[in-house]
Structures are given as C-alpha cells and as structure tokens.
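K.L.:
Below: one structure in structure tokens.
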Amino acid sequence: MRRIFQSLATILAVFVTMAGAAPDPAWAAGERDITVAQGIDAEFLDVQMTNNIVTLIINTSIYDTLLTRDKQLQLVPALATSHRLVSEKVWEVKLRPGVTFHNGEPFDATAVKFSFERIYRADFKSPQKGWFSTIERVEIVDPHTVRFHTKVPDPAMPARMTLMYQLAPKYVAQVGDVQANLKPVGTGPFKFVEWTKNDRIIVEANDAHWSGKPAVRRATWRPIPELGARIAALQTGQADLIVNVPPDQLQTLTATRSVRVEKMPSCRIIYFGIAQIKGGALADRRVRQAINHAVDVQGILDSVLQGNGKRINSSMPPNVWGYDPSIPFYDYNPKKAKELLTAAGQTNLQLTLQAPNGRWAMDKDIAQAVAGQLTENGIKTNVKIIGEWGSYVRSVLDHKTEDIFMNGWCLPSLEPDHWVTPNLHTGEPVSQYSNLEVDKLMEQARAEMNTEKRKQLYSQLLRLIRDDAPWIFGYQQMDIYGVNNRLKWTPRGDESIRLTEIGF
Amino acid sequence: MLAYVLRRLLQSVLVLLGVSVIVFGLLHLTGDPTRLLLPLEAREEDVRQLRALLGLDDPLWVQYLRFLSRAVRGDFGLSFKHQVPALTLIRQTLPATLELTAAGLALALVVAVPAGILAALRRNSLLDAVCSVGVLLGQAMPVYWLGLLLILVFAVWLGWFPAAGRDGPASLVLPATALGAFSMARIARMARSGMLEVLAQDYVRTARAAGLRTFVVTYKYALKNAAIPLVTIVGLEFGILLGGAVITETIFAWPGVGRLAVDAIFSRDYPLVQAIVAMLATLFVLINLAMDLVYTYLDPRIVFVRSKQ
Chain D
1 MRRIFQSLAT
11 ILAVFVTMAG
21 AAPDPAWAAG
31 ERDITVAQGI
41 DAEFLDVQMT
51 NNIVTLIINT
61 SIYDTLLTRD
71 KQLQLVPALA
81 TSHRLVSEKV
91 WEVKLRPGVT
101 FHNGEPFDAT
111 AVKFSFERIY
121 RADFKSPQKG
131 WFSTIERVEI
141 VDPHTVRFHT
151 KVPDPAMPAR
161 MTLMYQLAPK
171 YVAQVGDVQA
181 NLKPVGTGPF
191 KFVEWTKNDR
201 IIVEANDAHW
211 SGKPAVRRAT
221 WRPIPELGAR
231 IAALQTGQAD
241 LIVNVPPDQL
251 QTLTATRSVR
261 VEKMPSCRII
271 YFGIAQIKGG
281 ALADRRVRQA
291 INHAVDVQGI
301 LDSVLQGNGK
311 RINSSMPPNV
321 WGYDPSIPFY
331 DYNPKKAKEL
341 LTAAGQTNLQ
351 LTLQAPNGRW
361 AMDKDIAQAV
371 AGQLTENGIK
381 TNVKIIGEWG
391 SYVRSVLDHK
401 TEDIFMNGWC
411 LPSLEPDHWV
421 TPNLHTGEPV
431 SQYSNLEVDK
441 LMEQARAEMN
451 TEKRKQLYSQ
461 LLRLIRDDAP
471 WIFGYQQMDI
481 YGVNNRLKWT
491 PRGDESIRLT
501 EIGF
Chain Y
505 MLAYVLRRLL
515 QSVLVLLGVS
525 VIVFGLLHLT
535 GDPTRLLLPL
545 EAREEDVRQL
555 RALLGLDDPL
565 WVQYLRFLSR
575 AVRGDFGLSF
585 KHQVPALTLI
595 RQTLPATLEL
605 TAAGLALALV
615 VAVPAGILAA
625 LRRNSLLDAV
635 CSVGVLLGQA
645 MPVYWLGLLL
655 ILVFAVWLGW
665 FPAAGRDGPA
675 SLVLPATALG
685 AFSMARIARM
695 ARSGMLEVLA
705 QDYVRTARAA
715 GLRTFVVTYK
725 YALKNAAIPL
735 VTIVGLEFGI
745 LLGGAVITET
755 IFAWPGVGRL
765 AVDAIFSRDY
775 PLVQAIVAML
785 ATLFVLINLA
795 MDLVYTYLDP
805 RIVFVRSKQ
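Going down the list, the protein sequences come from chains D and Y. Under the numbering used here, the first residue of the first sequence carries the number 1, and numbering increases by one thereafter. Under the numbering used here, the first residue of the second sequence carries the number 505, and numbering increases by one thereafter.
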C-alpha cells in the first residue's frame, strides 16, 4: 500500500511543481501605468504584415506614419512635416529632421524608400500591397525629401500616407523579418518591451519622441476574448480601458463607481447588401427601394441597440471626407413599399437574408429584426445565420451570397473611395452590385485632383447610390468603451486608441 | 514486458499517422486560407500570388507528403497567419496549458479521491449525500457558465483572485477550478463506486473476518484494487481536460495552446492546426501509454493476460 501512496504522491508532486512554475505576479502597476484590454492579441508587431484594426492600434504606439490624423480625424504632419503636389503624378514630402528609431538608427529618406519597397518584395506576404498599389516608385531627393511617383493621378495619396508605417532599414536587414516582428523597432511614442503571445504586449514611454513625453509611462495591451472577463477585469482594476462593450452590458458598467462609459460613432458602417447581380426581382430598382422603405432602421437601432448607432443616408459615414449630410434617409413607409412592389409586379416576394453571429455588436439580433419587418410588410424573409466567419467571407467573395447579406465596413485610411469602390464597383470582390453609371462616377472621383470638384462628385455619387438602393442603408456602429475614472480620455472616430491621447 | 511496450509504441505511431491524414484532409476541405489572410478588398491576382507563396497550388497528396516528410524531422512549417514557425508558437503556449491542465487535474484528484472513498465508506450518510449533490452539480455545470460565475463571485465581488490573464499562482486558481470541476465530479463518482465494489468482495470480508482492523482492510487491501479504474480515468481525464482547456483558456484569457488552436482553426492556419493536433495527439497517446504501464504495475496480471493473447 505504501507503494500506492508513493506513486500517487509522486504524480501529485509533479503536478504541484508544474503548477508552481508560473511566473511571479508581474507588475505592481505604477500610477501612470495602464492596461488596455481588447478582444484579441496583435497578429504581428511587424506592422507591415497586418491589416487588422486591433493589431494596427497596438502597432501605432510603436511605429509612426508619414502623416496621421488628429482627434477630429483631420490630416496632420507626423514623420512628414509637409507634402505637396509637384505635378499630377508626383508628390513631394519633406521629412522631419532629427528623428531616430528606438535603436538609435536615424530616420531619413532611405527609411521611407525601404519601408515602401519592403511591402512589394515578392517573398514578403504583406496584406498591405493593395493600400499603395497606385504608387510606382519612391525617389530620394535628399536625406529629408522624398518624391512619390504614382501610376495615375491619385488624390488619396495624403490618406495613404497615414498608413505608411516607417521601419528601420538597417535593423530589419540585420535581424531579418521574423525577429523584426518579435522585437519591433519604430520611431513611435512608445518603445517595445515584451510580447507574450495571447497574454500581453508591454510598451514603455519613448521620452525622446518628436511629439514630446507621453503622460502614460508604461502600457500593457492584453487580449481578453471573453466579454464577461473583460468587464470583470475593468471592474476589478485589472484593466483601465476595455473595448467592444455591447449596449446590453452598459448597465453593469455604470453600476461600478470607479468606471465610466465612453461612446463614439465609429467609421464602421453596417449595411445589408442586396444582391442585385443575382438578377430576378432584385435587379429591379423599385424592389430594392421597396425593401428600404419596408425597414424601420431607426426603430431597430432604438430597440435592439438601445439607440447606440446612427443611421446612414448612403454608403459613407459622417467621419469620412466626402460624406454629404443633405442626402435624405429612406423613410419607413410600408404603404409606399407595397406600391413599389405592386408596380414592379413583385407582390409575392420571398427572400433569404444572411448574417454572421458575433462579428458586430448584436448582429444576429439586428438581422432577425430586419427580416421580421420585411416579412411583416409583405416581403417574406428568412434569416440564415452563418456563424463561421471563413464561410461567411467565402460566400461574399465568391458572389454566392443569399439575396440580402449583412456586412460591416471600415478601412483605416478613411479615404472616401475605400467606402464605395470595394463595396459597389462592378466586379470588386465584395460587391454584389453593378451599375455602369455608378462605376464611372467612382472612377472620376478617385482621380479628381481638385478638392472642391472631388467633393461634388462624391455628393453626386452618394445620391445616385442612395436612389438606386444597392443596400438597405444601415447604420454607423457606436464604439463603446469602459474606462477607469483615473484616466482622462475620450475615444476617436476611427476605432483607434492612441496612448499619447491618454492623461491622468 | 519490453515486447508489450514496443508493440504499444508501434500502435501509437500508426494512430498518429491516422490522425495526421484525417486532420490534413478535413482542414483542406474547409476551404482556402488565402481569402482570410488577405483583406476583403484584395484583388484576385494578390490572392493567386499568396496561394503560390504558401504552396497551396500543389496537388493535395504532394502537400501531404511534404508536410509528413518535414513533420518527422520536427518541422511543421511557418504558421500562415503569424509567419512564425508553428512549433515556436506551441513552445510559447504549451507550458501555460500544461500548467492549467495539471492544476485542474491535481485539484480534481485531491478533492475527488478522498471524497469518493469517504462517501463509499460512509454509504448513505449525510456525507455521501453531500458528495452526490456535489457530483451532480459538477457534472451538470458547463465550464463556460461556471467560469463566469467564478469570475463574478471571486474576482468582482470578493476580489480574491484576478479575473483574467496569467499573473502567477493566484491567477491559476479560478481557471483550474472551472476546468477541474467536471473531472472532479467524475473521479469522485468512480472512486466511490470502485471502492464500494471492492469492499463487497470476498477477500475484504475474509480480511475482516480474520480480525484485521478496518483501517488496514480499507487502505492496505481495498484501495489498491479500487485504484485501478481510477488510473485509467485519470489518463482519459487528462485528455478531456486538454480539450476543455480550449474553453477555459478563452474565458480566463489564459495564454495557452487551446486558444491558439481555436484561433488557428478559424483562420484556416493549416500548418499551425496540424502542428497543434500532432502535438496534442502525441501527448494524449503517450499519457495513455504511461497509464497502461502504471496499470501493469498496480496489477501484474494485466501484462500476463495481454502477452498471452
């Protein structure tokens, strides 16, 4: 019997030893140290390997871009102090002097050229290749001046410059791509300290940053996927700032005294695409308009999202330059919907609407509400939930969606063309719509170098899209954050979290 | 004995090979990962280029053989999504999972074995009833729900333990409890019924009749035989716990291999999924093998019977 106890004791001892091997309690948080909890970990700290918004947010603390956007989302200088159009296809950019990377390497024109060319290196799997596809080459004029030569006249160049993250050429060449990802070096306001996959990324203030000393001394980015745990982490002070709080959890947060809620209408729009290219009834504009009149978007926002969302009048949110507030919303008008359907000879229409589950706040519930109203107003609509995002994406990219598909859209460039062309241009991967008149206007607008004229073109385009109704125009998502009261911070309209904007 | 071990090892290799074929086949049935790696607005030509770079254009059998020939040399390739060797990612996350699983199992054993034995010895007593209710609760509560409940009570209300993350021993308590609860219930039940069965056997009655003290009868003679089914269960439980860790790790933001696996599956990260499955399958097979060997130690008749077959 002693042997049994011995063996049991041995097994237990092994387990206990393993359990005891955990790291020590890592940080007794200093007064100006903060922890930000998001749903996922950074995919990469090699910023050129990602297009994921959460990953970009984290990387923006380590890397700088040529231009950036201030809190009002206006373009402002960053590593570029100025930019100007030299000729229709040449942009000249003056670089900030005296800037060094965290490893001491100087930032100059070579770095800009290197950073651009690295994305297009044949064996480099950057998902950012599409972001700069209009650029032909980068020319070094002098150590602090570069010229971008574009293939076509490209008024979106300044917006693209907000995504041109700058890497240290010598460092990357020396350590290689894999190490550059694991130990990132940038010029940003924070220096990389540590990355434990799926656990934490720690950065510390770079007091030599050109924008001055950040108030936050040390920041920890933590991925906490489960919403309940994320909220608990905020309530217990384990996290100071959490993202993606759904509207139905607001009460829980407001009940905690040390915590407040911050909201901001996002650049992300949620829409219900109508698969016009499928033909049949959906090819008839009157049917698509009827569908829009048959859905009470505001009513759904009020009931399902408790008012956390703002209707959109066409295919752009107000945060994006080019938006036109004078375009009217579709009014909720079941009678008009019926008239339009009768006129189109579609009085017995049956549709299927597809939606994901858990991709956007209360997506499934909203889809069900939309289908419910359509059915109530004479368009019998079934809901098909595709929970797995990979399959969902495939149905969209293969142009094999159901009659109506839910989609959300925001690109970090905030460039107006990026809201219309990918979603609505004929033949684009996401687009389930084709209208040559719309195509022509998009092409014209994205090449127009005169700002005033360009703005008019977008107004015209958005009005045309509104009338042709390729979507049920949905809403602008509300970004909801939980914040510890010791932080002075308000959110931005581009889903980003800038550590430099946090005070105490 | 040696022949037995060798035969079991050979069987294990076949099992692992089978697992690799099934996983490889199933993964490639789920669709093209390039679509998920690139932004939605990416052009067809970018998609084609990436497919070629990732080696996805080759026929399936070529891809499988390439995978196999590398895998036997310990190279599972670069994770599509993270562009880091799959094994490096596993090396970073596996310790956290083993720590959690071991703690969960240890907790389950420490509570469940004495509870089960005591319940058997004091059959139909209040203690037995309390244990039965505990077992019922443990088996009925989903990890997901129990996890959130533990966070609410012990992190938010009482503030005893952190709500999420891996920050030292204190942070291990809640996830290990959530993970271990189900096993705890099952082990307690097995311990109780195993003990009851043994206690009813002739040799126990004989021992008692011979005037041996109850303590000696129970712990020297009965327990050893009651332990045999428990050892099997512990081996199996370890595998079940590794699986359960997927959910527990997600709830408690525990940086383990389970979360890595879920993430890899959803992003169709073939190399990473294959590496994780291969690693977990190996671990599972090895643990079962070890348990079988412990078995033979506890009951020498087992080898004898098997080698006769």
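Note that the Cβ used here is the ideal one computed from N, Cα and C, for glycine as well.
According to the Cβ coordinates, are alanine 219 of chain D and leucine 487 of chain D closer than 8 Å?
P.N.:
It is not a contact, given that the beta carbons lie outside the stated cut-off.
K.L.:
Kindly list, in the order they appear in chain Y, the residues whose Cβ is closer than 9 Å to that of valine 393 of chain D.
P.N.:
Within chain Y, the residues near valine 393 of chain D are Arg539, Leu540 and Leu544.
K.L.:
Answer with yes or no whether the minimum CB distance from arginine 268 of chain D to chain Y is below 8 Å.
P.N.:
So no, arginine 268 of chain D is outside the interface.
K.L.:
Measuring alpha carbon to alpha carbon, tell me which residue in D:Pro325, D:Ala42, D:Phe329 and D:Ala283 is nearest asparagine 181 of chain D.
P.N.:
Among D:Pro325, D:Ala42, D:Phe329 and D:Ala283, the Cα nearest to that of asparagine 181 of chain D belongs to D:Ala42.
K.L.:
Under 8 Å Cβ-Cβ, which residues of chain Y neighbour glutamate 43 of chain D?
P.N.:
Simply Lys585 and His586.
K.L.:
What does DSSP give as the partner residue(s) for histidine 149 of chain D in the beta ladder?
P.N.:
Paired residue(s): D:Val90 and D:Arg137.
K.L.:
Between which two residues does the alpha helix (DSSP H) containing proline 169 of chain D stretch?
P.N.:
169 to 182 is the extent of the alpha helix (DSSP H) around proline 169 of chain D.
K.L.:
Go to phenylalanine 770 of chain Y, then tell me how far its alpha helix (DSSP H) extends in each direction, as first and last residue.
P.N.:
Phenylalanine 770 of chain Y -> alpha helix (DSSP H) spans 761 to 770.
K.L.:
State the DSSP-derived secondary structure class of lysine 336 of chain D, mapped to helix, strand or coil.
P.N.:
Helix at lysine 336 of chain D.
K.L.:
Give me the Cα-Cα distance between tyrosine 481 of chain D and isoleucine 53 of chain D, rounded to the nearest whole angstrom.
P.N.:
Between tyrosine 481 of chain D and isoleucine 53 of chain D, the C-alpha separation is close to 16 Å.
K.L.:
Can you tell me whether phenylalanine 15 of chain D is buried or exposed? The criterion is at least 16 other CB atoms within 10 Å of its CB, across all chains shown.
P.N.:
Note that phenylalanine 15 of chain D has pLDDT 42, beneath the 50 cutoff, so the model's placement of it is unreliable and the number below is only indicative. The residue is buried, with at least 16 neighbouring Cβ atoms inside 10 Å.
K.L.:
Taking 8 Å as the CB-CB limit, is tryptophan 552 of chain D close to chain Y?
P.N.:
No information on residue 552 of chain D is available, as it lies outside the stretch 1 to 504 that chain D covers here.
K.L.:
Between the stretch 415 to 422 of chain D and the stretch 444 to 453 of chain D, are three or more C-beta pairs nearer than 8 Å?
P.N.:
Yes: at least three Cβ pairs fall under 8 Å.
K.L.:
Exposed or buried, glycine 30 of chain D, counting other C-beta atoms within 10 Å across all chains shown (16 or more means buried)?
P.N.:
Exposed: under 16 other Cβ atoms inside 10 Å.
K.L.:
Counting C-beta neighbours from all protein chains within 10 Å, is the total for asparagine 319 of chain D 16 or more, i.e. buried, or is it exposed?
P.N.:
The residue in question, asparagine 319 of chain D, is buried, as its Cβ has 16 or more Cβ neighbours within 10 Å.
K.L.:
Which word fits arginine 257 of chain D, buried or exposed, when buried means at least 16 other C-beta atoms lie within 10 angstroms of its C-beta?
P.N.:
Exposed, because fewer than 16 other Cβ atoms sit within 10 Å of the Cβ of arginine 257 of chain D.
K.L.:
Ordered along the chain, which non-local residues of its own chain (more than five positions away) have a Cβ less than 7 Å from that of threonine 10 of chain D?
P.N.:
For threonine 10 of chain D, the pLDDT reaches just 45, beneath the cut-off of 50, and the residue's location in the model is therefore unreliable, although a value from the coordinates is still provided. Answer for threonine 10 of chain D: no residue qualifies.
K.L.:
By the DSSP assignment, the alpha helix (DSSP H) with asparagine 435 of chain D in it spans what residues?
P.N.:
Neither: asparagine 435 of chain D is in no alpha helix (DSSP H) and is coded neither H nor E.
K.L.:
Using a threshold of 8 Å, state whether the C-beta atoms of proline 537 of chain D and glutamine 350 of chain D are closer than that.
P.N.:
Residue coverage of chain D in this structure runs from 1 to 504, which leaves residue 537 of chain D outside it and unanswerable.
K.L.:
What did DSSP end up calling proline 25 of chain D once you bin it into helix, strand or coil?
P.N.:
Note that proline 25 of chain D scores a pLDDT of 44, beneath 50, so its modelled location is shaky; the value from the coordinates is reported in the next line. Reduced to three states, the DSSP call for proline 25 of chain D is coil.
K.L.:
Does the beta carbon of methionine 18 of chain D come closer than 8 Å to any beta carbon on chain Y?
P.N.:
Caution is warranted here: a pLDDT of 41 is assigned to methionine 18 of chain D, below 50, making its placement in the model unreliable, and no coordinate value can be reported.
K.L.:
Alanine 757 of chain Y and proline 246 of chain D: beta carbons closer than 8 Å?
P.N.:
Cβ distance not < 8 Å, so alanine 757 of chain Y and proline 246 of chain D don't count as in contact.
K.L.:
Which residues, taken in chain order from the stretch 214 to 242 of chain D, show a beta carbon closer than 7 Å to some beta carbon of chain Y?
P.N.:
Flagged, chain order: Arg222, Pro223, Ile224, Pro225, Glu226, Gly228, Ala229, Ala232, Ala233, Gln235, Thr236 and Gln238.
K.L.:
Could you name the residues of the stretch 699 to 721 of chain Y whose beta carbon sits closer than 7 Å to any beta carbon of chain D, in the order they occur along the chain?
P.N.:
So nothing in the stretch comes that close.
K.L.:
Going along the chain, which residues of the stretch 190 to 207 of chain D sit with their C-beta nearer than 7 Å to a C-beta in chain Y?
P.N.:
Residues passing the 7 Å Cβ filter: Thr196, Lys197, Asn198 and Asp199.
K.L.:
Strictly below 9 Å CB to CB, what residues from chain D border leucine 652 of chain Y?
P.N.:
Result: Glu226, Gly228, Ala229 and Ala232.
K.L.:
Contact check, phenylalanine 561 of chain D vs asparagine 313 of chain D under 8 Å by CB: the rounded distance?
P.N.:
As displayed, chain D neither begins before 1 nor continues past 504, which places residue 561 of chain D out of reach and without an answer.
K.L.:
At a Cβ cut of 7 Å, what residues of the stretch 128 to 154 of chain D count as close to chain Y, listed as they run along the chain?
P.N.:
Under the 7 Å Cβ criterion, the stretch 128 to 154 of chain D contributes Lys129 and Gly130.
K.L.:
Start and end of the beta strand (DSSP E) containing glutamine 407 of chain D?
P.N.:
The residue asked about is misnamed: residue 407 of chain D is asparagine in this sequence, not glutamine. That run of the beta strand (DSSP E) goes 404 to 409.
K.L.:
Taking the alpha carbon of isoleucine 270 of chain D as the reference point, which residue from D:Lys197, D:Asp398 and D:Lys364 has its own alpha carbon closest?
P.N.:
Residue D:Lys364 is the option with its Cα nearest to isoleucine 270 of chain D.
K.L.:
What would DSSP say about alanine 794 of chain Y, mapped onto helix, strand or coil?
P.N.:
Alanine 794 of chain Y: helix per DSSP, three-state reduction.
K.L.:
In the DSSP assignment, the beta strand (DSSP E) including isoleucine 269 of chain D goes from what residue to what residue?
P.N.:
Segment 259 to 274, the beta strand (DSSP E) holding isoleucine 269 of chain D.
K.L.:
Counting C-beta neighbours from all protein chains within 10 Å, is the total for glutamate 194 of chain D 16 or more, i.e. buried, or is it exposed?
P.N.:
Its Cβ having fewer than 16 others within 10 Å, glutamate 194 of chain D is exposed.
K.L.:
Can you tell me the Cα-Cα spacing of alanine 343 of chain D and valine 370 of chain D, whole angstroms?
P.N.:
For alanine 343 of chain D and valine 370 of chain D, the distance between alpha carbons rounds to 23 Å.
K.L.:
Under the three-state reduction of DSSP, which class applies to valine 370 of chain D: helix, strand or coil?
P.N.:
Valine 370 of chain D falls in the helix class under three-state DSSP.
K.L.:
Taking the alpha-carbon positions, what's the alanine 469 of chain D to valine 47 of chain D distance?
P.N.:
Near 37 Å, if we compare the C-alpha coordinates of valine 47 of chain D and alanine 469 of chain D.
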